[in-house]
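Student: Residue 968 is where the sequence shown starts when you use the working numbering, and the numbers rise one by one after that. Note that the Cβ used here is the ideal one computed from N, Cα and C, for glycine as well.
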Amino acid sequence: MTVRYRDGIEIELSDGKQVVCDADNPDGDVNIVSHAHGDHWPESEVSAVCSPLTADLASVRRETPLHRTTDERVTLLPAGHVAGSRAALITDPDGTQYLYTGDVCTRPRFYLDGFEPPSVDVLIVEATYGEPEYVFPDHESLAAEIRTWLTETSDPVILLGYALGRAQKLQLLAQEADRDRVLTTDSVQRVNEVIEAHCDVDFGAEPYESETELTAGDALVLPMTSGRINWIDQLADEAGAIKAGFSGWAVDSSFKFRGDYDVTFPLSDHCDFEELQSLVEAVDPDQVYTQHGSAASLATHLTNAGYDATALRQNQTSLGDF
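Below, the structure written as structure tokens:
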């Protein structure tokens, strides 16, 4: 059994076949793409085991398509992260079962079910929020707080969240808060249309154009990366708009100042620290590998809790290099 972090996560099976997960340039016997965030699938045209929705989303987010394939060794499980996201349950010919979570969330949210962890031998889990200080509020309470803020704020608001994931949830929250108009960009609309074609949901946003004037009661949903562009600050100043950021990092007060937001909310599409621990407990694996984010911290906490846990380090050549 060999699990490595090189270009993506590599799992060498007992028959010598290699499974490669979320690589930039996948070259495995089996390639897996967990979801359609840009850092999880290659820019080149490729075939990979993924959900039909992930393939469609990837193909509208970049000019090079992602071709969906299947493999008898891989069972995909809803990961609860974003629309189309899947964890991969990989069965070795010797009977060993591996679970690669990709980005994962166990909380049900809006049109997404939370991830339901199966029992396996080897778990490879993300550790984005693998530090004890990252504990999120109850989702329903947080959603109610955001809706109340949107209802009570008469000024135009600019809501910043990732184009795939947070942006869709922000549109739904703005609708539920009865904002006069919910607006968004072409890049978010393209994502909306694909999700609407696969899921029973209607985001109901109107297109935002350069000549659109924001007025009281409007909610403009923009991709999170737009928050680093000067025109957003100019737009907010001209319209008297309030700029709000939504991320799990908002648990830390410095997130508000780093992003120059007027208000922030810890709305996340990942497990928090306690949920990651609960996920591992539910899986009850013989071996845990942590990767991405606070991998070393989470591995230490899991080791202290009695698990055989190792943080994956990129480009290690053997288990002795950990």
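Assess, as a yes-or-no matter, whether the stretch 1169 to 1187 is touched by the stretch 1196 to 1216 under the definition of 3 or more beta carbon pairs within less than 8 angstroms.
Tutor: yes
Student: Consult DSSP for GLU979 and reduce its assignment to one of helix, strand or coil.
Tutor: The residue labelled residue 979 in the question sits at position 12 within the sequence shown. Here GLU979 sits in strand by DSSP.
Student: Measure how close the beta-carbons of GLY1215 and HIS1237 come, nearest whole angstrom, since I'm counting them as under 8 angstroms.
Tutor: As a first step, residue 1215 is located in the sequence shown; it is residue number 248 there, counting from the start. As a first step, residue 1237 is located in the sequence shown; it is residue number 270 there, counting from the start. Yes, GLY1215 and HIS1237 are in contact; Cβ-Cβ is about 6 angstroms, under 8 angstroms.
Student: Which same chain residues, not among the five before or five after VAL1190, have their C-beta less than 8 angstroms away from its C-beta?
Tutor: If you number the sequence shown from 1, residue 1190 lands on position 223. The sequence given here has Pro at residue 1190, not Val. The answer, listed in chain order, is LEU1127, GLY1128, TYR1129, ALA1130, ALA1134, THR1152, SER1154, VAL1155.
Student: Could you please give me the residues that DSSP links to ASP1185 through a beta bridge?
Tutor: Here residue 1185 refers to the residue found at position 218 when the sequence shown is read from its first residue. DSSP output for ASP1185 lists ARG1148 as bridge partner(s).
Student: Could you give the DSSP three-state label for LEU1056: helix, strand or coil?
Tutor: As a first step, residue 1056 must be located in the sequence shown, where it is residue number 89. LEU1056 falls in the strand class under three-state DSSP.
Student: Sort out for me which residues DSSP pairs VAL986 with in a bridge.
Tutor: One-based indexing of the sequence shown puts residue 986 at position 19. In the DSSP output, where bridge partners are listed per residue, VAL986 has ILE978, VAL997.
Student: With burial defined as no fewer than 16 other Cβ atoms inside 10 Å of the residue's Cβ, what is the status of GLY983: buried or exposed?
Tutor: The residue given as residue 983 occupies position 16 in the sequence shown. Around the beta-carbon of GLY983, fewer than 16 other beta-carbon atoms lie within 10 Å, marking it exposed.
Student: Which residues does DSSP list as the beta-bridge partners of SER1014?
Tutor: As a position in the sequence shown, residue 1014 is number 47, starting the count at 1. According to DSSP, which records beta bridges pairwise, SER1014 is partnered with HIS1034.
Student: Report all residues from its chain with a CB closer than 8 angstroms to the CB of ARG1053; omit the five preceding and five following residues, and keep chain order.
Tutor: Your numbering for residue 1053 matches position 86 in the sequence shown. So the qualifying residues of the chain are SER1001, HIS1002, CYS1017, SER1018, THR1021, LEU1043, LEU1044, PRO1045, ALA1046, GLY1069.
Student: On a Cα-Cα basis, can you pick out the residue from ARG1040, VAL1049, GLU1039, THR1037 that is closest to ALA1025?
Tutor: In the sequence shown, counting from the first residue as 1, residue 1025 sits at position 58. The shortest C-alpha separation from ALA1025 is found at VAL1049.
Student: What runs of the alpha helix (DSSP H), each 4 residues or longer, lie entirely inside the stretch 1116 to 1162?
Tutor: 1133 to 1143
Student: Go ahead and pull the three-state DSSP assignment for GLY1215.
Tutor: Indexing the sequence shown from 1 puts residue 1215 at position 248. Three-state DSSP puts GLY1215 in a helix.
Student: Whole angstroms are fine: how far does the CA of GLN1064 sit from the CA of GLU1039?
Tutor: Residue numbering aside, residue 1039 sits at position 72 when the sequence shown is read from its first letter. Residue numbering aside, residue 1064 sits at position 97 when the sequence shown is read from its first letter. The straight-line gap from Cα to Cα measures roughly 13 angstroms.
Student: Under the DSSP definition of a beta bridge, which residues are partnered with ARG1090?
Tutor: One-based indexing of the sequence shown puts residue 1090 at position 123. Looking at the sequence shown, residue 1090 is not Arg but Leu. Paired residues: LEU1066, VAL1255.
Student: I need the straight-line Cα distance from GLN1254 to ASP1239, nearest angstrom please.
Tutor: Position 287 of the sequence shown holds residue 1254. Position 272 of the sequence shown holds residue 1239. If I take the Cα positions, the gap works out to 21 angstroms.
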